[in-house]
Amino acid sequence: MILRADNIFFIFVGLVCLVAWTAVDLSLSFHSQIALVVIVVAVFGLPHGALDVVISQRLGLFSTTRRLLGFHVFYLALVAFVLVIWSFAPAWCLAGFLLISSWHFGGDWCGVTNRAGCWILGIMVLSLPAAFNAEQMVVLYSTITGESLHSLVAVQGMLAPIALVGAVVVSSAALGRNPHLVVEMVMIFTLAWTLPPLLYFTVYFCGLHSMRHLVSTGFLPNSRTVFIASAYTLVAIAIGFALAISQWDANEALGIPLKATFQLLAALTVPHMILIDGFVRDIPYASE
């Protein structure tokens, strides 16, 4: 079995987090988890989406200044649209975000199985925490949306075992060709079972999804694209801070950064998905 850089990185990060949480008995309060998630996602998670402009240029979506400007206007308009809709219907937006994210995250294994199999894996990734930590998921969703979403957590809890069985089938079918998939599925299951939902999501999003995207597109060692990603990430972080300030409430101060982070992730996911899943269908996220 030949492991790529993204496989090794995820396994290493996952093992370190598991040891820190269990053997070292590292326990973090919910507020400490929020601070950790906001920082780690901003630094390690957002840059993979910030490379969309470079990917678009490679695809030839714009070759003139006018097309470049049009790309940015369209991209930012979609981001603004999602943010506006979220402000009016946060619960529905969160549900929609989870649905499209399950499809998008499933793309991490598009080189291993078909699209249906990928979606099953994506659903498993997002639904497992609801099966192991339902109460924490309710608190998390309430913090993000300001609404009690027991029904959404219940639906995810019901989907989790179904998706898990599907993941076992998909992994078994790919065992001979891509044995590293089994290792990743075991790691994801163990992380979801052991870690609080917020930390689990952070380890997956930054340790596997973002890293796989950077490695598979060949951008990681390129200093120019890293600079571009950093610049776009700083803009995204600035938007996040603006969201936090605009919604500041002394009584909910600790939950505002988390709320702003997930709003920003949801808003950026829509145009990012249109580009990656609509135009870059042949990116070998998990190929050997």
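Every position in the sequence shown, counted from 1, becomes a number in our numbering once 997 is added.
Virtual Cβ for every residue (Gly too), placed ideally from N, Cα, C.
Q. When DSSP labels each residue in this structure, what does V1016 get in the three-state scheme?
A. helix
Q: Taking L1265 and V1076 to be in contact with their CB atoms under 8 Å, please state how far apart those CB atoms are, rounded to whole angstroms.
A: 6 Å
Q: With DSSP as the reference, label N1111 as helix, strand or coil.
A: coil
Q.
I'd like to know if the stretch 1132-1142 and the stretch 1112-1124 are in contact, where contact means that at least 3 CB-CB pairs between them fall below 8 Å.
A. no
Q. What is the rounded straight-line gap between the Cα of G1119 and the Cα of V1167?
A. 12 Å
Q | S1227 (DSSP reduced to helix, strand or coil) | A | Here S1227 scores only 48 on pLDDT, less than 50, and its place in the model is too uncertain to base an answer on.
**Q.** Beta-carbon gap between W1089 and Q1260 smaller than 7 Å
**A.** no
Q. Which same chain residues, not among the five before or five after A1127, have their C-beta less than 7 Å away from its C-beta?
A. M1134, V1150, Q1153, G1154 and A1157
Q: Mind reading off the beta-carbon distance from W1018 to T1191? Whole number of angstroms is fine, and I expect it under 8 Å.
A: 6 Å
(Q) Buried or exposed for P1176, going by 16 or more other Cβ atoms inside 10 Å? (A) exposed
Q: Report back the beta-carbon spacing between F1007 and L1205 to the nearest angstrom; my notes put them in contact at under 8 Å.
A: 4 Å
Q.
Here's the rule I'm using: 16 or more other beta-carbon atoms within 10 Å means buried, otherwise exposed. How should A1257 be labelled?
A. buried
Q: Compute the distance between the beta-carbons of A1171 and S1124, then report whether it is under 7 Å.
A: no
Q.
Going by DSSP in three states, A1002 sits in which element: helix, strand or coil?
A. helix
Q | For P1158, three-class secondary structure by DSSP | A | helix
Q: Within 10 angstroms of the Cβ of S1148, are there 16 or more other Cβ atoms? Answer buried if so, exposed if not.
A: exposed
Q. From this set, T1061, R1174 and L1012, which residue's C-alpha is nearest V1183's C-alpha?
A. L1012
Q | Cβ neighbour criterion (16 or more within 10 Å) applied to G1104 | A | buried
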